[in-house]
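Chains as they are written, first to last, in our numbering: chain X, 1 to 350; chain R, 1 to 350; chain L, 1 to 350; chain Z, 1 to 350. Glycine included, C-beta positions come from ideal geometry on N, C-alpha and C. Remarks on the structure that follows.
Number of protein chains: 4
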Amino acid sequence: MIITMRGDSKSSDQQLVIRHLQKRGYQTHMLSGGGDVVIGVNGRPVVDGLPEEVGNLPGIRMVNRSQKPYMLAQRAARPEGTVVTIGNVQIGTGAPVIMAGPCVVESMEGMIEAAQLVQSAGATMLRGGAFKPRTSPYSFQGLGEEGLQILALARDLTGLPVVTEVMEPEQVDLVAAYADMLQIGSRNMSNFPLLRRASASGKPILLKRGFSATIEEWLMSAEYVLAGGNDKVVLCERGIRSFDTATRFTLDLNAVPLVRQLTHLPIIVDPSHGTGRRELVEPMALAGIAAGADGLILEVHPDPDNALCDAQQSISAATLDRIVTTSHAIATLLNPTPATIPHLTVSTAA
Amino acid sequence: MIITMRGDSKSSDQQLVIRHLQKRGYQTHMLSGGGDVVIGVNGRPVVDGLPEEVGNLPGIRMVNRSQKPYMLAQRAARPEGTVVTIGNVQIGTGAPVIMAGPCVVESMEGMIEAAQLVQSAGATMLRGGAFKPRTSPYSFQGLGEEGLQILALARDLTGLPVVTEVMEPEQVDLVAAYADMLQIGSRNMSNFPLLRRASASGKPILLKRGFSATIEEWLMSAEYVLAGGNDKVVLCERGIRSFDTATRFTLDLNAVPLVRQLTHLPIIVDPSHGTGRRELVEPMALAGIAAGADGLILEVHPDPDNALCDAQQSISAATLDRIVTTSHAIATLLNPTPATIPHLTVSTAA
Amino acid sequence: MIITMRGDSKSSDQQLVIRHLQKRGYQTHMLSGGGDVVIGVNGRPVVDGLPEEVGNLPGIRMVNRSQKPYMLAQRAARPEGTVVTIGNVQIGTGAPVIMAGPCVVESMEGMIEAAQLVQSAGATMLRGGAFKPRTSPYSFQGLGEEGLQILALARDLTGLPVVTEVMEPEQVDLVAAYADMLQIGSRNMSNFPLLRRASASGKPILLKRGFSATIEEWLMSAEYVLAGGNDKVVLCERGIRSFDTATRFTLDLNAVPLVRQLTHLPIIVDPSHGTGRRELVEPMALAGIAAGADGLILEVHPDPDNALCDAQQSISAATLDRIVTTSHAIATLLNPTPATIPHLTVSTAA
Amino acid sequence: MIITMRGDSKSSDQQLVIRHLQKRGYQTHMLSGGGDVVIGVNGRPVVDGLPEEVGNLPGIRMVNRSQKPYMLAQRAARPEGTVVTIGNVQIGTGAPVIMAGPCVVESMEGMIEAAQLVQSAGATMLRGGAFKPRTSPYSFQGLGEEGLQILALARDLTGLPVVTEVMEPEQVDLVAAYADMLQIGSRNMSNFPLLRRASASGKPILLKRGFSATIEEWLMSAEYVLAGGNDKVVLCERGIRSFDTATRFTLDLNAVPLVRQLTHLPIIVDPSHGTGRRELVEPMALAGIAAGADGLILEVHPDPDNALCDAQQSISAATLDRIVTTSHAIATLLNPTPATIPHLTVSTAA
């Protein structure tokens, strides 16, 4: 069940509703922000008469018996959409946000060169891996904390907020100390202990879709973060596994309009991992924006052919430049006057 | 092996090359047109010394030992791309071609209303099913020849060329007598007897991708048409089957830039079957154009909710209108000066 | 709606029921045989009161409002199961039937050698391709009618009934003139004109599952044959397409117990195409029998490494021998006393 | 590169080989046991002459330049196969090992009842979940440590060794304190930090296949455990995700013979999760054994219809009984004289 209370309802009235429900044995989860306050209710079946009973309490706008298993992530819980703020960047306003950088942090000099390249091209966030999930135990696994320090330095030099992957619950505090946004990788989308710990950090989360996850499973993983009291979640489509191995993965752009319909969370697209082939990155990036995505995350490298990892999917500075320019042109065509929506925050009722 | 002869080479020189190869036991397939003449050679392994031997004959520009199993369909066989002409419409010039119409021809009045709607919206080809492949033997299977007559009438009234599906070899002549372009449906992509007969009709062919076909299998099916001496083939991506049933199929836009790289044949996109959901058709249509598609094929209906088939994926006149306008705007953004390439024809060496 | 009439009901009572329904605008399809008579009813929605009305007619045992889209193929239409007879072979009795032979008929001598090998190993049906669906237009497409003549000769020499593929409607009469059972290949499972024509031949049909067909789509294709008045249908699981390319296809043995639950038609398993790897054929064949399959179809070759097609999946005589012996031992373990059920026939009400 | 040293080679000779390689900058991983000693070498490319150089050292039987990315898991590293011992149970001897129990530990009484049921049926290991990965944050997540205590008690009462899932690195020590074997679930197959920590515990590991993992990815995950110095790994096929949703997952039995060919590790099958449907569990369990599996893991419940989780896939005591009996009969048919191979252990060179 989803209860919507008016944005100007009194805090004491909100607490009254919550206590009313908790006394009857329900759990409550609150999603609040600039507009209305939404209270998700679960933990036991909704008994007959409860919606009407709650509907008569002060401050209530609406009570819905929700069927969706992702109560807080569903679009109905915040119809106007969520805008996630990372430093001076806002995702979900209608203007595309481009994140770019190398697959993995290789060295201080290389990272700084990459960061300057990203900034010159007009991208507004920096990506780079310090901890890398590798299918082989014998592959390079990233620089670890040293990589985080380099990323932080690159951020300080350019002002670009940094997103980087966190792979295990025990690493969350360390990564959160350096990064502006935590990435949950595709192979960890269903790592529930990690989702809980990342949520608790309060940091913005970039939640990549598992490469074989259904849309519903993906939104359930987002729900783990929201249920932990953190609504700063950006979804990222990064390619699904299909029967055709002509590309490493199949970027599923159908997910973009579908997710925008089902949830209020922003969604970006990763055409680098989504295709695994450099020459497909630009057309699929533009297709993602045309499908309605809120942004892109791209692997770029000063010298793509000599990248330490994912060389075959890294693009050059010139390509990044062209993608940034054309993405903004397409977004303007689709949406001539993007709104800047005030940032929304979330808290869970104690 | 692929032999390229200069466009101005003498016909007698071309015949010399062909006889030379046939004497050595090879089969030859010729692809000619406005520019160079391409001769595909197969039937036995290329013996050492043969490329050099042929390279010394008169009129030869280049000899390549081709690895691709689709010799004639591969991009290298016609690097400048193929433009397919259907009546007054050209596909493959850089300007998107929009085909639209109802799933199935329901009645004379309905079809004429639909055709006028399609024309008003600025689409330039008409689609509609007279023979329908249905998974149930108990479902409506189309009006048959009566449906073809209605389509032809709608074409005569509006001037829009007509594309419609043909389902079996014996039907090819009948459908070709009425239609301007023959559609090979997804379930028939590997119906090789049908491909051969459709090729022999000389009509332009719209070859839909099998919903579980790899890109290579799809191009091999195109090769059946080309090897039969008909190069008027337009490919159509229409959604693949994946593990997620949130949409009926998963429109695979990765296929668009990939196919443009691998083959010289034009490619269009079908977001109606590709998603199966009306509200996803517009964003995925625009994404298709942004990915580089040469056109779209769309299910539209004067009264979508009451369509006899595929009601849930048919769009309204207003949506079609918006798609046509925005598609042209995106295509102009990507490709400010589309070329009009002279039409190319193909013949198979006797 | 499915109507069950007692096996000893009068023919005139059966005609009464059919006329009663047809007068009200319904279509009827009759499935009869050793036991009860089943009448499938469709063509318009079942109106309120109709089941009761029909239930009062003479000879009626039961009336079910069926939900299954495959009325005649569903298990409820013939709970005791169908036994299909091909010459002296019965499929569906509980004793496994092994069909074996080369992928393609290469020559008279080769085929006779193969047939003798098959017979010595204890297999009871012969397979071999005369018309081959090949993804490349440049591959060997089979010997055609000459191949059929060779197959018929091999049958005459050994007494083993012959199954071979038919690829297009116009070929049905020709193939039916030589073969004892018509195979519909995986790529033609949804070739509805072919299914109709094959049904009309009255021959037993081996219906392979499309490699991306759901179980329901497969049973709908069987329904096309049944609705055409031919109930001699044997299903064949031959591998589905998955994301893992370690094997060419993924033999889906889950289909075996599932299909036995959903339909009364027998099901056999093809581990040769289902895995595409010789060393996996024996374990997967035995697994198929343990899962409850009614038989196997196997590619065997006197000299597997030099087979003209599918060399890497053809097994030797020694392996076939072992598979036949162990299959019977496992079947006996699972089902100590296999029944020999009288053959059942079907007819469609005029 | 893989070096095989004779089982009777001197420890000092083994150290000589290792020092020789480490001085040249290579990493070494040792797999030892009853028979030969295998040393995996990686960390830098194998230089010309190195294999010959090492081949001349004392105690060497063979040096192979290995291509497989899973050096230690590959069959060639231990051709005779690995037998994993858990308490009084041995997996990999040719005699099938049946593990059974409820999906989740619900209560002390329930678990004890289940354990006695499992023992009576002739199964020899006990399963049950204390920590459960659930797609919804609002679902029951298991009893946690209390569940582990109940499992340990059930083990003490029956003597059946216990296998249970561990979900995060920090939990490994706790679960290892109670359980005899640690299960890595399907969603954690690529949770590399968890694999490393589980390996370090020294406990036998049941490594489930990710439901969208290729065979190679699965063996790479096993390699993480082996590279950490723990060779007590049992693989478990538990169903892959396919396009057909008739069953929840598609149990991929092709994996059984394929894995036996590629690796020396034992493999068992989970038909409960692999199909998700109670009525398919028995035929698919038997098919798994016929395909060559070393055992089964099954969800059983004293009162299947009222199980707290996975009710629709839990089987009854009577079905378990039948599966145990028939599995042993099929295994005896396939392999009349199963060997009891001495247990092998592994250590990593310091």
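query, result
"Beta carbon proximity, X:M189 to chain L, threshold 8 Å", "no"
"CB of R:I98 within 8 Å of CB of R:T124, strictly", "yes"
"C-beta atoms of X:E113 and X:P283 nearer than 8 Å", "no"
"Beta-carbon proximity of L:L262 to L:R65, cut-off 8 Å", "no"
"Contact set for L:Y224: own chain, Cβ-Cβ below 8 Å, skip 5 residues either direction", "F192, L195, R196, S199"
"CB contact below 8 Å: R:T245 versus chain Z", "yes"
"Below-8 Å beta-carbon distance, Z:R241 vs any chain R residue", "yes"
"Buried versus exposed call for Z:P351 [16 or more other C-beta atoms within 10 Å across all chains shown]", "There is simply no residue 351 of chain Z to check, as chain Z begins at 1 and stops at 350 in what is shown."
"Those runs of the beta strand (DSSP E) which lie wholly inside the segment 63-93 of chain L and span at least 3 residues", "84-86, 89-91"
"8 Å Cβ cutoff met for R:R127 and R:A100", "yes"
"Chain L residues whose Cβ lies nearer than 9 Å to that of R:E146", "Simply none; closest approach about 18 Å."
"Which of helix, strand or coil DSSP assigns to Z:E106", "coil"
"Strand pairing of L:R127, partner residues [DSSP]", "L:V163"
"Unbroken stretches of the alpha helix (DSSP H), 4 residues or longer, contained in the segment 138-224 of chain R", "145-158, 172-178, 192-200"
"Proximal residues, the segment 281-312 of chain L versus chain R, C-beta separation under 9 Å", "none"
"Counterpart residues of R:C236 in DSSP-defined beta bridges", "R:K208, R:I268"
"First and last residue of the uninterrupted beta strand (DSSP E) at Z:M1", "Looking at the DSSP string, Z:M1 is not in any beta strand (DSSP E), and its letter there is neither H nor E."
"From Z:P266, Z:T164, Z:D305, Z:Q312, residue whose alpha carbon lies closest to that of Z:G81", "Z:P266"
"Contact between the segment 50-60 of chain X and the segment 238-249 of chain X (3+ Cβ pairs under 8 Å)", "no"
"Neighbouring residues, chain R, relative to X:N88 (Cβ below 7 Å)", "Ordered by position in chain R, no residue passes the 7 Å Cβ test against X:N88, which lies about 28 Å from the chain."
"Span of the alpha helix (DSSP H) around Z:A311", "Run containing Z:A311: none; DSSP gives neither H nor E here."
"Spatial neighbours of Z:P304 in its chain, beta-carbon cut-off 6 Å, leaving aside the 5 residues before and after", "S314, S316"
"Backbone secondary structure at Z:T263 - three-state DSSP", "strand"
"Proximal residues to Z:L148 (C-beta, below 6 Å), its chain only, five neighbours per side dropped", "A130, Y178"
"Pair within 8 Å by beta-carbon distance, R:V164 and R:L151", "Sequence check: residue 164 of chain R is Thr here, not Val. Yes. Within cutoff."
"Range of the contiguous beta strand (DSSP E) that encloses X:A100", "97-101"
"Per-residue DSSP class, three states only, for R:H29", "strand"
"C-beta neighbour in chain X for Z:V346, strict 8 Å", "Note that Z:V346 scores 37 on pLDDT, short of 50, meaning its location in the model is unreliable; the coordinates nonetheless yield the value given after this. Not one chain X Cβ lies under 8 Å of Z:V346."
"Unbroken beta strand (DSSP E) run spanning L:F295, endpoints", "What sits at residue 295 of chain L in the sequence shown is Gly, not Phe. Start and end: 295-299."
"X:R19 classed as buried or exposed, judged by whether at least 16 other C-beta atoms fall within 10 angstroms", "exposed"
"Residues of the segment 248-261 of chain Z whose Cβ lies closer than 9 Å to any Cβ of chain L, in chain order", "F249, T250, L251, D252, L253, N254, A255, V256, P257, L258, R260, Q261"
"Own chain partners of X:M181 with C-beta closer than 6 Å, once the 5 adjacent residues on each side are dropped", "I86, V163, P204, L206"
"Strand pairing of R:G40, partner residues [DSSP]", "R:I2, R:H29"
"Exposure label - L:P257; buried when at least 16 CB within 10 Å", "buried"
"Cβ neighbours of X:A73 in the same chain (closer than 7 Å, five flanking residues each side left out)", "L219, A222, E223, L226, T263, L265"
"Residue-level contact to chain R via CB, X:E216, 8 Å cutoff", "yes"
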